[in-house]
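Peer 1: Heads up: the sequence shown begins at 594 in the numbering used here, then just goes up one per residue. The beta carbon of each residue, even a glycine, is placed where N, CA and C say it ideally should be.
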Amino acid sequence: MRSATYAHKIGSTLRLVGQVRLDGDAQDLSGWTLRCRAVSGCVSIDLSCRWVDAAYGALELHADAADQGAWRAGRNALDVRMESPTGEVLIS
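Spelled out as structure tokens, the structure:
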């Protein structure tokens, strides 16, 4: 996944779709697990995430508007942690 900037207003639904690529090629991440979070300073908030198409490396991050009460205004990083069935870990 490449790094990008996205302006999000707290209190509106967040739904982002992305694809994991290596040298421009989609990666087959079938069987890998996902964990996603928004990070701002020392505050970390778990997000919903799922594979849209793991064989194509496509995933979705999601947060309902009602679940954003603890979010902080300002710059946040979205971290995606992927773990293979053999324990290999990749973090965006």
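Helix, strand or coil: which one does DSSP assign to residue 657?
Peer 2: coil
Peer 1: What does the Cβ neighbour count give for residue 650, buried or exposed, with the cut at 16 atoms within 10 Å?
Peer 2: Burial is judged here by how many other beta carbons sit within 10 angstroms of a residue's own beta carbon; residue 650 has at least 16 and is buried.
Peer 1: Give a yes or no on contact between the segment 663–671 and the segment 621–628, applying the rule of three or more CB pairs nearer than 8 Å.
Peer 2: no
Peer 1: Any idea if residue 615 is buried or exposed, counting beta-carbon neighbours within 10 angstroms, 16 or more meaning buried?
Peer 2: Under this definition residue 615 is an exposed residue.
Peer 1: Indicate the three-state DSSP secondary structure (helix, strand or coil) for residue 594 in the structure shown.
Peer 2: The predicted position of residue 594 is uncertain, since its pLDDT is 48 and thus under 50; a value taken from the coordinates is nonetheless stated next. In the structure shown, residue 594 sits in coil (DSSP, three-state: anything other than H, G, I, E or B).
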